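Worksheet: one structure, shown below.
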Amino acid sequence: MSKDIRIKKGLDIKLVGEAEKTTTNVSLSSVYAVKPEDFHGITPKLIAKEGTAVKAGEALFHSKSDERILFPSPVSGKVTEVIRGARRKVLAVKIAADTKQTYADFGKKDAAKLSGDEVKNHLFASGCWPFIKQRPYDVVANPNQAPKAIFVSGYASAPLAADLDYTLSGKEAELQTAVTAIAKLTAGKVHVSVGKNSNSPLSNLTGVELHKVSGPHPSGNVSTQIAKIDPINKGEVVWTVTPQDLVIIGELFLTGKFNAERTIALTGSKFEKPQYVTAIAGATISDITAGNLNNDNTRIISGNVLSGKQVKEDGFIGYYDNQITAIPEGDDYEFFGWNKPVFNKISASRALTFSWLNPKKKYDLNTNTNGEHRAFVVTGSYEDVFPLDIYPMQLLKAFMYKDLDEMEALGGYEIAPEDFALTEFICVSKQPHQKIIREGLDLMREELG
Amino acid sequence: MGLKQNLHNLKEKYKGTKMAPAFNAIHTFLYLPNEVTHGGTHIKAADDLKRTMNIVIMALIPCLIFGMFNAGYQHYAAIDGSLRADVLANFFTWDNLWIGIIKVLPLVIVSYGVGLAVEFVFAVIKGHEVEEGYLVTGMLVPLIVPVDTPLWMLAVAVIFGVVIGKEVFGGTGMNILNPALTIRAFLFFAYPTWMSGDKVWVYDAVNRAGTADAISGETILGSYAQNQEVIYSTWDKFMGFIPGSVGETSTLLILLGAAFLIFTKIGSWRIIVSTFLGAAVMGLIFNQVVAADVITESSKFYGLMNTVWWEHLMIGGLAFGAVYMATDPVTASQTNKGKWIYGFLIGFISIMIRVFNPAYPEGVFLAILLMNVFAPTIDHYVVQGNVKKRLKRTKVKTA
């Protein structure tokens, strides 16, 4: 029985630079990096020292709290450098890639015939466990807990997001294998969502409950879908996997190889030709964007403009990301910018801002904050873009003054930082919502487990 | 290049010094800062607090200009009652405007000058940016005081209101009571003779009192409270050709302002609508009480109780309070459900105080201040409803 999800509250941010549906294969980068900070909440314990030769899929480090959770090298090559920050915190493990890639062989498996524990162990051994994340807290899943359901959002509603119908096409076999495998991990259901009118390869999967999603962003956020389908209560855990990671898991079961190659959307106005490329997780940004990026006062983002991370051109694409966005920096003053009528920026209000006149128009937004940081003043605006049954401002304030009882009671278990990206975008007081939520969730995880 | 570069250099020079907030306040008034996002969303919507406050000021400008003409009109009409025969011909005149310029503009200047000075001093001492809250407060204050309010009195009240009403709580966004109404309440309780009675509402009525040239400055509410006949027509009341505080007389312009605030999504339509609703309900109840002969003409409450419910919405400060004061997001209820309750009670209690207050026949500012205090309580119960729903979900699961 499928349940349709219709969201009314939200905001589609339409930007210039949508990726054209052509895919180029990018040649192998010379250097790849795996950054432990991509796996929030994991303290890495290094396995591969500098100079070690690794195959694609062999572990670089494991989680300090659970040795079974391995973090693999996306490519075969030699570990050249472990970059450390303050207090010897590991920031990145760099691997110089071999020109001819070799893969660790984890053996072909028939997912349908494995037990839950066998699937789990296979995911551990192959380094695929980090693809499974959990709610609450939005971190890599704790394998000792039993999830009540697993959610896969096959509908991307974020600004300029990669079109999953396009990037997943032809991957039906991998996706089916992967959902068959992860279905073994839960006593509950595997919920998969697709866009309302999409021809997603996900819509023909068997063994899942399919949901059709429509409405503005954040309809594609998995939290929104969880809240509509089977909300998280205190003491419950659900797991989430992105469809592009399902492809990697599926390929593992089908071929025995860990192949972290995915289709990545190059988006934003600073790309000469926004389009899709195939690249391996952790690749150098400049190799992926070569000959296409106009890097003149440009913000490069691994991910989307709302929740992605800022990277430099010689940096690396994030482990989970399937999008690179490049937009202009906004480090200039604007004369009387606070009171003159605005036609070239997006606004959720109509305060002499005119984006409501033409909802289909695409904007070329820059990174200017359009104002200074202030205390919370305006009320009632967040609710218009926030579809969860949660009071966003009250929750944010509880997260700021760190009252654990309130954080729990107001819905802290049901949210991820990305759910507060839209409220942060429209915030008149320019408060850092996602940071507040992230820090609060970390505190809850520490104190409440 | 020119001004922009020079100001940028100055900003860099003042960075980290005590005077930086004062400089930045002026700088950001001229230029939207060059600040870029880091850490969170990489793009931000176009609105900031300055823009939001600016919209409210724009919505107040018609009331201010009307108030300036009205200051002169009420003065001359009180001297020569025949002027009231043809209002439109005698309203928008240079003579009237001149009275506005010499009486109303100084109120605006003192309100902004003193208030912003206090804000700057606090920003420099406490090392935070000058926040925009006072931009609106400073415009509201001159519009809700009688035209003859002495300027020194206003200055004292503004200092009190900004310091005690706002800064002690931590500045804009942290205050419990609406600062403009705190200023109004201070004036009312500290200098009651200047804030009530039948003289202060019309320019020069106070000076002329007791002389041969004495003129009356009685408001409609004052007349009703004394069970006297009112000389103004419904048209006058709706258009605002009546004595009252400077900017609150024209229901028409206030409604236009309300439409603008609601359209721009800056003002909460829930609060505005529910305040009028609450006032109408209370007015209807009083009308029924009179209709049921519980109150007779000899009662001192008869005049105001017998006022038709819809007339209550046009006279006194109710419309102005509902649209510009009750909607202050910081001191109002913050939840959408809470806003309905909050607004309704403001309207309801306003009319109740208006009728029963023996000393001063108006209750809007007292009602709003009272509900400011209760707004967090309302929100608490609304939010608890959400919390309970969540707990119930857990119980259903485990049962």
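Chains as they are written, first to last, in the working numbering: chain A, 1 to 449; chain B, 1001 to 1399.
Think of the CB as a built atom: it goes at the ideal place given N, C-alpha and C, for glycine as much as any other residue.
Just so we're clear, the structure is a prediction, and the values are computed from it rather than from any experiment.
Practice task
Specify whether the region 1238 to 1245 of chain B and the region 1133 to 1152 of chain B touch according to this definition: at least 3 beta carbon pairs, one from each stretch, less than 8 Å apart.
Solution key: yes
Problem - C-beta neighbour in chain B for A416/A, strict 8 Å - result: no
Problem - Where the region 1364 to 1397 of chain B meets chain A: residues whose CB sits under 7 Å from a CB there - result: V1383, N1386, V1387, R1390, R1393, T1394 and K1397
Handout entry: First through last residue of the beta strand (DSSP E) which encompasses S214/A
Key = E209 to S214
Problem - For S1274/B, the three-state DSSP class (helix, strand or coil) - result: helix
Handout entry: Neighbouring residues, chain A, relative to G1343/B (Cβ below 8 Å)
Key = Those do not exist, as G1343/B stays about 13 Å from chain A at its closest Cβ, beyond 8 Å.
Handout entry: As assigned by DSSP and simplified to three states, the class of W338/A
Key = coil
Handout entry: Opening and closing residue of the beta strand (DSSP E) in which P328/A lies
Key = Q323 to P328
Handout entry: Short Cβ contact (8 Å threshold) for A265/A with I248/A
Key = no
Practice task
Check whether the Cβ of R1208/B lies closer than 8 Å to any Cβ atom in chain A.
Solution key: no
Practice task
Just tell me which of I390/A, Y413/A and T284/A has its CA closest to the CA of L28/A.
Solution key: T284/A
Problem - Secondary structure of P36/A, DSSP reduced to three states - result: helix
Problem - Neighbour flag for M393/A against chain B, beta carbons, 8 Å - result: yes
Practice task
Sort T1052/B, F1091/B and L1083/B by Cα distance to M1068/B and report the nearest one.
Solution key: F1091/B
Problem - Residue burial classification, H433/A (beta-carbon count within 10 angstroms, cutoff 16) - result: buried
Handout entry: Top-ranked residue by Cα proximity to K234/A, from K3/A, Y413/A and A53/A
Key = Y413/A
Practice task
Can you grab the Cα-Cα spacing for the pair D117/A / G1338/B, in whole Å?
Solution key: 50 Å
Handout entry: Extent of the continuous alpha helix (DSSP H) run through L1060/B
Key = L1049 to I1079
Handout entry: Integer-rounded CB distance, given that V179/A should sit under 8 Å from V208/A
Key = 5 Å
Exercise for the section: Kindly say whether T1335/B, judged by its beta-carbon, lies nearer than 8 Å to any beta-carbon of chain A. Expected result: yes
Handout entry: For V1364/B, three-class secondary structure by DSSP
Key = helix
Exercise for the section: Could you say if the region 78 to 96 of chain A and the region 300 to 311 of chain A meet the contact criterion of at least three C-beta pairs nearer than 8 Å? Expected result: no
Exercise for the section: Determine whether the Cβ of M1174/B lies closer than 8 Å to any Cβ atom of chain A. Expected result: yes
Problem - Continuous beta strand (DSSP E) assignments of at least 3 residues falling wholly in the region 56 to 114 of chain A - result: 59 to 63, 70 to 72, 77 to 84 and 90 to 97
Handout entry: Distance, K309/A Cα to A416/A Cα
Key = 16 Å
Handout entry: Buried/exposed call for P243/A, threshold 16 Cβ in 10 Å
Key = buried
Practice task
In angstroms with no decimal places, state the Cα-to-Cα distance between V277/A and T423/A.
Solution key: 31 Å
Handout entry: Option nearest K1392/B by Cα separation, candidates A96/A, I232/A, I226/A and A33/A
Key = I232/A
Practice task
Run the CB neighbour count on A111/A, radius 10 Å, all protein chains shown included, and call it buried at 16 or more, exposed below.
Solution key: buried
Handout entry: Beta-carbon spacing of K1050/B, R350/A below 8 Å
Key = no
Problem - Residues, ordered as in the chain, of the region 334 to 347 of chain A that lie near chain B by beta-carbon distance below 9 Å - result: E334, F335, F336, G337, W338, N339, V342, N344, K345, I346 and S347
Exercise for the section: Could you confirm whether any beta carbon from chain B is found closer than 8 Å to the beta carbon of I47/A? Expected result: no
Exercise for the section: Give the interface partners of L306/A over in chain B, defined as CB-CB distance under 9 Å, in chain order. Expected result: G1040, T1041, H1042 and I1043
Exercise for the section: Find out if the Cβ-Cβ distance for the pair L404/A, I390/A is shorter than 8 Å. Expected result: no
Handout entry: Bridge partner(s) assigned by DSSP for W239/A
Key = Q134/A and I150/A
Exercise for the section: Identify every residue that forms a DSSP beta bridge with G195/A. Expected result: V213/A
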